[in-house]
Structures are given as C-alpha cells and as structure tokens.
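Data first, discussion second: the structure below is written as structure tokens.
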Amino acid sequence: MEKFILRSKKLKKISLLLLLLSHFAWASIPVQHTPYPGGIAVFDFETTHSNPKAFYRTVPLYTQHIEGNHWQVLLGIPLLEKAGKKSITIQDFSTRTLDVEIKIIKNKPVKQNIKLKGKNKKYVDPNAAHMDRIKKERVILGKTRLFFSDKTLSNGVFIRPVLGVITSPFGVKRLYNGQPRNPHTGIDYAGATGTPIKAPADGKVILSGQYFFNGNTIFLDHGQGLISVYIHMDKRIAKQGKMVKKGETIGTIGQTGRATGPHLHWGVYLNRTTVHPNLLMGKSVL
Ligand SMILES: [Zn+2]
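As structure tokens, then:
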C-alpha cells in the first residue's frame with residue numbers, strides 16, 4: 001500500500017511536470033510558412049536575448065520563442081499584396097534585417113456574387129445617414145485593428161469558434177449585387193441563430209458593439225497584434241475589457257448587419273492585416 005502511495009505521488013509529480021512541459025510546448029503556435037497574399041511569412045532566427053522585438057517598417061510583429069535560442073517572427077501578408085521582396089527588422093542586442101520573397105499563387109479565381117434584396121439593399125447603396133454612421137464606425141473599427149499589446153495572451157493553437165459548414169472561404173473575390181468589393185477577409189460558418197461561439201484562444205475583449213455592416217461584433221486581443229473578430233452575432237456575451245478563456249462562449253450566431261442568413265464571420269488579424277484563420281489552427285492551407 002505504502003509503495004503504491006509513493007508511486008502515485010511520483011506519478012503525480014511526473015504528470016505535473018508533463019503538464020507544465022506541454023504548457024510550454026503549446027505556448028508557441030506552429031504556423032505553416034505561407035509567404036503569399038493572405039498567408040503568414042515565418043522567419044526563424046537565433047538569439048540569446050530574452051525579449052527580442054521585430055518590426056515591419058514601424059509596425060510591431062508577433063514574436064514567439066520556440067526553444068533554446070530558436071525564435072520566430074510571424075508576418076501577416078495582405079490579401080491584395082503584390083509579388084516581391086519584403087524585409088523585417090529584428091532588434092535584440094543589435095538591429096538586423098531578414099528578407100522574404102512574396103509569391104502569388106495562381107489559383108482558379110473563385111467568385112461569389114451576393115444578392116441583397118429589400119431592406120438589405122441599404123448595404124449596397126447606403127443613404128447619407130448610413131454613410132455618416134459608416135464613416136464614424138470605420139474610425140472605431142480601424143483603431144481596433146491597430147491595437148497592439150506586448151503581452152503574449154495566446155495559448156498556442158486556436159480551436160474552431162463554431163462547428164458548421166463553411167459557406168464562404170477565406171480570400172474569395174466578392175460582388176454585391178454585381179458590384180465588386182474587397183476579397184473575403186474571414187471564414188463564414190453557417191449555423192442556427194443562437195449557436196454558441198467559443199473563444200479560439202485566451203484573449204481580452206477589446207471591442208464589443210453593434211455596427212452598420214458587421215452587426216453585433218466582438219474583437220479579441222490575443223497579444224502582439226494577433227486579433228480575432230466575430231461579426232453578425234445575435235448576442236454579444238463577453239463584456240468589453242474582460243479576459244476570456246479558450247473555449248469560453250463569447251456570443252451567439254446571428255444575422256445582424258450585412259448578412260443574407262445566420263452565420264459567423266470569423267476573421268484573424270496579424271500585424272493589422274487579415275490572414276487565413278486556418279493557419280492559427282495549425283492547419284495547412286495549401
Ligand atoms: Zn464573411
């Protein structure tokens with residue numbers, strides 16, 4: 001019996017150690033190097049510095065420790081980026097530059113024409129009062145996308161915020177009633193109104209509000225310019241300024257704002273640019 005207790009104590013110690021180790025191992029996000037529009041360029045570098053910083057021009061970048069002296073910088077590439085060289089700056093004990101070649105992948109162009117009828121027509125041809133509202137909201141939403149916190153809030157690989165069929169993938173070209181608009185900056189998941197939406201990782205609610213195009217919206221900050229956004233929600237549950245845990249319900253699926261049916265639009269920002277959300281879930285996107 002005593003032997004068993006001893007052994008179980010030892011096991012407890014080992015499992016605690018494993019838990020700690022797995023926590024550290026999961027603290028970084030394994031991201032596929034995708035130096036393409038809408039992708040993430042991954043820069044590996046070595047340093048003995050405990051807190052190296054990285055920048056694209058003046059924009060601070062997501063930096064993660066892998067192990068030992070191995071560090072990584074993640075650079076989100078805009079969807080409308082052109083091919084060519086991009087350079088980032090690393091600051092540790094000195095300053096140096098790393099380069100990456102951005103390539104364009106020639107996929108079959110996927111187009112989606114969305115038809116908005118009846119009172120939904122205002123989302124294609126907004127009137128003067130709507131335009132006033134849109135302009136004001138653009139400032140608030142733009143500011144939120146610039147948000148950068150030094151903290152690493154993220155606990156590794158993201159989980160899907162909802163299950164459900166993808167009705168509009170990331171990056172598709174879009175037309176509204178035949179009028180061309182920007183490519184799709186997130187993933188749309190279909191779901192019944194009221195379906196809970198879960199936080200994909202630990203984060204802080206940096207904005208919660210109702211907007212003309214986005215409807216009920218929440219922005220989560222996961223640290224270092226990694227931000228996720230949830231739009232067209234029915235209910236906003238997580239409160240602005242509060243911390244949320246991975247898996248916690250932040251709101252429910254709805255069809256508020258410019259939406260033709262109940263769905264969640266999920267977007268992920270890295271250094272102020274929308275990237276393919278699958279990359280944060282440790283998935284391959286090619
Ligand atoms: Zn969408």
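Just so you know, the sequence shown maps onto residues 1 to 286 in full-length UniProt numbering.
Just so it is clear, CB atoms sit at the ideal spot from N, CA and C, and this is done for glycine as well.
Which residues does DSSP pair with Ile-197 in a beta bridge? Gly-251
What are the partner residues of Glu-67, as DSSP defines its beta bridges? His-70
Tell me whether Leu-280 sits in a helix, a strand or coil according to DSSP, three-state version. helix
Using beta carbons (cut-off 8 Å, strictly below), is Ala-83 in contact with chain B? Of the protein chains in the structure, only one exists, and it is not chain B.
Can you tell me the Cα-Cα spacing of Asp-188 and Val-244, whole angstroms? 22 Å
What does a CB cutoff of less than 6 Å around Arg-174 pick up in its chain, not counting 5 residues either side in sequence? Gln-112, Arg-181, His-184
Once DSSP output is grouped into helix, strand and coil, what is the label at His-222? coil
Presumed contact (8 Å Cβ cut-off) between Tyr-56 and Ile-102, rounded CB distance: At roughly 12 Å, the Cβ-Cβ gap does not stay under 8 Å, so Tyr-56 and Ile-102 are not in contact.
Report whether the distance from the Cβ of His-276 to the nearest heavy atom of ligand 1 is below 7 Å. no
Helix, strand or coil for residue 293? Go by DSSP, reduced to three states. Here the chain covers residues 1 to 286 and nothing more, so residue 293 does not appear.
Verify whether the separation of the beta carbon atoms of Pro-200 and Lys-239 is less than 8 Å. no
Going by other Cβ atoms of all chains shown within 10 Å of its Cβ, with 16 needed for buried, is Ala-54 buried or exposed? buried
When you compare the segment 143–155 with the segment 222–239, are there three or more beta-carbon pairs, one atom per stretch, that lie closer than 8 Å? yes
Output yes or no for whether 8 Å exceeds the beta carbon distance between Ile-206 and Tyr-269. no
Do Thr-260 and Ile-90 come within 8 Å of each other at the CB atom, strictly closer than that value? no
Please classify Phe-24 as buried or exposed, where buried requires at least 16 other C-beta atoms within 10 Å of its C-beta. Residue placement at Phe-24 cannot be trusted, given a pLDDT of 45 that sits under 50; the coordinates are not used to answer.
Helix, strand or coil: how does DSSP classify Ile-237 here? coil
Quick check on DSSP: helix, strand or coil for Tyr-230? strand
Throw me the rounded Cβ distance for the Tyr-123 and Ile-77 pair, which I believe falls under 8 Å. With 8 Å as the limit, Tyr-123 and Ile-77 do not qualify as a contact, their Cβ atoms being about 28 Å apart.
What residue range does the beta strand (DSSP E) around Gln-27 cover? Per the sequence presented here, residue 27 reads as Ala, with Gln not at that position. Ala-27 -> no beta strand (DSSP E), and no H or E assigned at all.
CB of Val-73 within 8 Å of CB of Thr-63, strictly: yes
Run the proximity test for Asp-188: is its beta-carbon closer than 7 Å to any non-hydrogen atom belonging to ligand 1? yes
Count the other CB atoms, across all protein chains shown, that sit within 10 Å of the CB of Lys-204; report buried if there are 16 or more and exposed otherwise. buried
Distance check for Phe-148 and Phe-43, CA to CA, integer angstroms please. 20 Å
Taking the Cβ atom as the reference point for each residue, do Pro-169 and Leu-264 lie within a distance shorter than 8 Å? no
According to the Cβ coordinates, are Val-157 and Met-233 closer than 8 Å? no
In terms of residue numbering, what span does the alpha helix (DSSP H) encompassing Gly-142 cover? 128–145
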